[in-house]
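Taking our numbering as reference, the numbering of the sequence shown is continuous, increasing by one, and the terminal residue is 243.
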Amino acid sequence: MSAIPSSEKVVDLRPPTVAGLATPLTAVLDIAAPRRGITCGGEHVLGLELRSSCTATDYWIRGSDVVAIYEPDDPRHLRVTALWRCRHSPGIALWNLIASATTSRRESDASLAVVSSVAADSIAWGCGTTAGMQWMDSEPESVDCLLIRRPATAGGSVLLAVHPADSRGSLVRREGGRVHVACWLFSAAAEKGVLFRGRTLAAIGPTADDTIWAQRLWSEFVVEPPMLTA
Numbered sequence: 014m015s016a017i018p019s020s021e022k023v024v025d026l027r028p029p030t031v032a033g034l035a036t037p038l039t040a041v042l043d044i045a046a047p048r049r050g051i052t053c054g055g056e057h058v059l060g061l062e063l064r065s066s067c068t069a070t071d072y073w074i075r076g077s078d079v080v081a082i083y084e085p086d087d088p089r090h091l092r093v094t095a096l097w098r099c100r101h102s103p104g105i106a107l108w109n110l111i112a113s114a115t116t117s118r119r120e121s122d123a124s125l126a127v128v129s130s131v132a133a134d135s136i137a138w139g140c141g142t143t144a145g146m147q148w149m150d151s152e153p154e155s156v157d158c159l160l161i162r163r164p165a166t167a168g169g170s171v172l173l174a175v176h177p178a179d180s181r182g183s184l185v186r187r188e189g190g191r192v193h194v195a196c197w198l199f200s201a202a203a204e205k206g207v208l209f210r211g212r213t214l215a216a217i218g219p220t221a222d223d224t225i226w227a228q229r230l231w232s233e234f235v236v237e238p239p240m241l242t243a
């Protein structure tokens with residue numbers, strides 16, 4: 014199946030207006046460039062790092078969902094389905110990426126990462142506890158979500174999270190005033206016929222009271238039932 018040219022498949026995933034941002038929020042998804050993910054001005058969230066050059070072989074739009082199929086051209090023989098979803102949350106821009114992967118090989122490596130790149134003044138590291146979310150100013154041994162506070166010229170904070178049932182760990186790198194995040198999914202020891210699926214979340218909202226809306230979104234996210242189909 015032929016790949017879809019990048020210039021032909023750019024989808025608008027703009028959410029409702031978000032108060033507290035310095036500039037109006039735009040959001041587009043280039044289906045043929047999955048690593049970019051959703052582009053919001055200078056920010057990129059919920060990109061899909063497939064570990065080899067790859068464009069979409071098929072896609073469809075269903076309501077507020079954009080679904081695309083990717084088959085990386087490498088020895089892993091993966092078939093990856095990505096579902097980007099724009100969701101409604103009052104005063105917050107909210108998206109999900111639900112990624113699924115299978116392999117046609119008897120044994121393979123299905124691991125891949127959901128990547129984001131965001132301009133940052135500071136980071137609050139979130140660790141879920143029985144009493145709620147605990148926020149830290151320095152990186153702990155394990156983290157459930159990140160709350161990235163953007164520069165005042167852009168305004169707002171960005172929440173990035175992986176469902177705790179699906180996470181295989183995260184890597185966070187700071188460089189040149191930006192934070193680059195890779196949230197790893199799936200197993201490096203995959204078998205033919207096994208379906209892997211992982212859920213991730215990105216949200217942009219006002220910096221004022223950001224830990225309050227971030228904790229609310231996290232609490233809702235962790236109790237959501239797993240998706241059975243794409």
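For every residue, glycine included, the Cβ atom is placed at its ideal position computed from N, Cα and C.
These numbers come from a predicted model, not from an experiment.
Legend entry - Beta-carbon gap between residue 98 and residue 71 smaller than 8 angstroms: no
Legend entry - Every unbroken beta strand (DSSP E) inside the segment 151 to 175 [3 residues or more]: 158 to 162 and 170 to 175
Legend entry - residue 234, enclosing beta strand (DSSP E) - first and last residue: Segment 223 to 235 is the alpha helix (DSSP H) holding residue 234; no beta strand (DSSP E) there.
Inset, instruction - Would you decide whether residue 223 is buried or exposed? Buried here means 16 or more other CB atoms lie within 10 Å of its CB. - result: buried
Inset, instruction - Quick one: give me the first and last residue of the beta strand (DSSP E) that residue 209 is part of. - result: 209 to 218
Inset, instruction - Kindly indicate which residue of 107, 28, 67 and 113 has the alpha-carbon position closest to the one of residue 197. - result: 113
Legend entry - Assigned secondary structure, residue 98 (DSSP; H/G/I helix, E/B strand, else coil): strand
Legend entry - Three-state class that DSSP yields for residue 48 in the structure shown: helix
Legend entry - Sequence-distant residues of the same chain with beta carbon closer than 8 angstroms to residue 206, five excluded per side: 115
Inset, instruction - Give the straight-line distance between the Cα atoms of residue 186 and residue 140, rounded to the nearest whole angstrom. - result: 18 angstroms
Legend entry - Simplified DSSP state of residue 43, which is helix, strand or coil: strand
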